[in-house]
Structures are given as structure tokens and as C-alpha cells.
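Input: a single structure, listed below in C-alpha cells.
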Amino acid sequence: MLSAPFRAAVENGNIEQVPELLHEDVVFRSPVLFKPYEGRERVLKVLGAAERVLGLGGSFRYLHQLEDPDDRVAILEFATEVNGKQVEGIDKLTFDEDGLITELKVMIRPASALQVVGERMAEEFDRVGLSLPA
Numbered sequence: 012m013l014s015a016p017f018r019a020a021v022e023n024g025n026i027e028q029v030p031e032l033l034h035e036d037v038v039f040r041s042p043v044l045f046k047p048y049e050g051r052e053r054v055l056k057v058l059g060a061a062e063r064v065l066g067l068g069g070s071f072r073y074l075h076q077l078e079d080p081d082d083r084v085a086i087l088e089f090a091t092e093v094n095g096k097q098v099e100g101i102d103k104l105t106f107d108e109d110g111l112i113t114e115l116k117v118m119i120r121p122a123s124a125l126q127v128v129g130e131r132m133a134e135e136f137d138r139v140g141l142s143l144p145a
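Going by this note's numbering, the sequence shown opens with residue 12, and the numbers climb by one from there.
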């Protein structure tokens, strides 16, 4: 499965394994912001913040995984807890012909969980000096 290396890295909290899985021009679509983050380096900063906020390698777990190898798309449903709030979400991964991730789109529910995650991510972005996408 195309998404297996990404899933393993995220579930085990091994974000350092992710750069080799991302296309140089990868796009990250946030559940909070309309404009995407673009480029491997910026997306890696976003994923580093997500690692700390969502508890990757800890309470974070993927529950279901669906792939369409013809369209080179994977859907990974996840669950975690942030500040005592249950968070459910979807990571949609799109791959190029070489198996590199070209787009990562995240959706989170319920709205109260999205608010908590958004606030915590903003704190992490401030901490690492990541600005909003231009």
C-alpha cells in the first residue's frame, strides 16, 4: 500500500522518516486555514507541530485505511485526544507516479476539537517560527 510507510512513521512518532516520503513541492491543506502550506520544508514544520499537538506515537492511532491505487489516493481515519478532548479526523494523501506524497489534506471533527487543535497548533507555530501561508 502506498500509504503504509507514512502510516507507520506517524503512528510510531517517527516524523524524521517522513521527509523521504514527501515530494519536494508537497502541499499541506489545513482543516483551519484556507491557504495551503507549500514545499517540503514548511510541511515538515507543520508535521512537527502536529506530532507534539496530536500525540503522534502516543494516543494518536489510525483506525481505518482505504486506498485507490489507480487514482493514487489514500484515506486514513485517525483518533486521538488533545487537552482532554476526543479528536477524530481524516488524512487524505495523494501520491505521484514515484510514490511520493504530493498533497496531504487534513479534516478534523467535531468543531470543538478542531478549535482546540487549531489553538494548540497556533502555539506550536509561534514556538517554531512558522508563519501563516502567504
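Each residue gets a CB set at the ideal place from its N, CA and C atoms; glycine is no exception.
Keep in mind that this is a model prediction, so the values were computed, not measured.
Considering only Leu143, Leu141, Phe17, the residue with the shortest C-alpha distance to glutamine 76 is Phe17.
If you check the CB distance, valine 127 and glycine 100 do not come in under 8 Å. Of the residues Glu22, Met12, Glu49, the one whose Cα lies closest to the Cα of threonine 91 is Glu22.
In this structure, the beta-carbon distance from leucine 33 to valine 54 falls below 8 Å. For isoleucine 26, the closest C-alpha among the options Val98, Phe106, Glu62, Glu108 is that of Glu62. Here alanine 60 is near glutamate 135, since their CB atoms are less than 8 Å apart. Under the DSSP assignment, glycine 100 falls in the beta strand (DSSP E) whose first and last residues are 96-106. Rounded to whole angstroms, the separation of the alpha carbons of leucine 65 and glycine 95 is 11 Å.
Nearest to lysine 103 by alpha-carbon distance, out of Leu115, Val93, Asp109, Leu111, is Leu115.
When DSSP reads this structure, leucine 115 sits in a beta bridge with Phe39, Leu104. Tyrosine 48 is a Cβ neighbour of proline 144, given a cutoff of 8 Å.
The three-state secondary structure of aspartate 79, taken from DSSP, is strand.
Membership of phenylalanine 89 in the beta strand (DSSP E) is indicated by the continuous run 84-93. In the structure shown, leucine 33 adopts extended strand secondary structure according to DSSP, grouped into three states.
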